[in-house]
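What follows is a single structure, written as structure tokens, with notes after it.
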Amino acid sequence: MSEPKVTGQRTLQVALNGDSSHPAMPRTAEETAADAAACVAAGANLLHLHAFDDNGDETLAEGPVARTITAVRARCPGVPISMTTFAQIEPDAARRLDLIASWTTLPDLIPANQGEAGIVELSALLAQRGVGVEACLLSVADAEIFVRRNTPQLFRRVVIEALEPDPSAALESAAAMEAIVTEAGVSLEQMHHGYGIATWDVCRRAAARGHGIRVGIEDTGLLPDGRPASGNVELVRAARHLL
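1 is the number of the first residue of the sequence shown in the UniProt record's numbering; add one for each residue after it.
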């Protein structure tokens, strides 16, 4: 499966849902598809999704994943979809691999957190099925692991995830991870994001350096000025001003 391309644009990914208590966060396939379409209309060109079961809990099970991908593709044709493989949803590496191996409807991409147990095997499984893989770095240790493996050719992009809630600490983390990657000669596209109000500091820095950025309810419910965001669309609109 080849990832659809958006020519002449830097990446603006929206992380629509996940581990968030925001009242506007979509959970059902239909809610997620509608929100995704609105975010694309607002300027997002890459979609990051989590699937939820009938109880409203995050899941990697084939049924909810397939329903979510199918619904979003119908509303957002040609826009690449990245479906989570986060170990926090299924901490047992073997069980997680079995669940993802059962997927019949495949995303365009998966984010592969480089510090997680079993991520090499999981990435290889999906790459063999034509799914693109993003190398996700959540810490300096993750960046060092990624560089040490020396397999940049396996990935579509590097995702720098500075998750410290304090803006100054998040900026330091993003800069440190970026330095490790670039000094190793990795020339892949980079996409950066932060967490909470630090999202905007991280995204401003990344945009100024020519990188892609990510926003969304999964990462923050706050606008750059600290006001609560009504939902993903408002976050995407704010992010567009940075690019």
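Just so it is clear, CB atoms sit at the ideal spot from N, CA and C, and this is done for glycine as well. All values reported here derive from a predicted model rather than from experimental measurement.
Ranking Q9, R156, E30 by CA distance to the CA of P111 puts R156 first. For R149, no pairing in a beta bridge is given by DSSP. Its Cα nearest to that of P77, the residue A41 stands out among L60, D219, E183, A41. DSSP, reduced to helix, strand and coil, places G63 within a helical segment of the structure shown. Beta-carbon to beta-carbon, P228 and L235 are separated by about 11 Å, too far to satisfy the 8 Å threshold.
When C-beta atoms of the stretch 102-116 are compared with those of the stretch 53-70, three or more pairs fall below 8 Å, so the two segments count as touching.
The beta-carbon separation of L16 and T28, rounded to 12 Å, does not stay under the 8 Å limit for a contact. Secondary structure note for S123: its alpha helix (DSSP H) is the uninterrupted segment 119-128. Counting only runs of 4 or more residues that sit fully inside the stretch 139-212, the alpha helix (DSSP H) segments are 140-149, 167-183, 198-208, in chain order. Here the alpha carbon of D98 sits roughly 11 Å from the alpha carbon of E121. Linking A143 to T70 through their CA atoms gives a straight-line distance of about 33 Å.
Counting only runs of at least 4 residues, the stretch 19-93 fully encloses the following alpha helix (DSSP H) elements, listed from N- to C-terminal order: 29-42, 62-75. A straight line joining the alpha-carbon of S20 with that of T151 spans about 33 Å.
Each of A94, Q88, D92, A66 was checked against the Cα of I81, and the nearest Cα belongs to A66.
Using a Cβ distance threshold of 9 Å, L12 and L46 count as a contacting pair. The DSSP-derived three-state label of N232 is helix.
A straight line joining the alpha-carbon of P165 with that of M191 spans about 18 Å. D219 is classed as buried because its beta carbon has at least 16 other beta carbons within 10 Å across all chains shown.
At the C-beta level, A51 and V14 stay beyond 9 Å of one another. Between H211 and the set G132, A93, M177, E189, the nearest pair of CA atoms involves E189.
In the DSSP assignment, I110 forms a beta bridge with V133. Secondary structure at L243: coil, using DSSP grouped into helix, strand and coil.
Each residue's CA atom was taken as its position, placing G216 and W200 some 11 Å apart. Rounded to the nearest whole angstrom, the CA to CA distance from E172 to S139 is 11 Å. For R204 and R95, the gap between their C-alpha atoms comes out near 38 Å.
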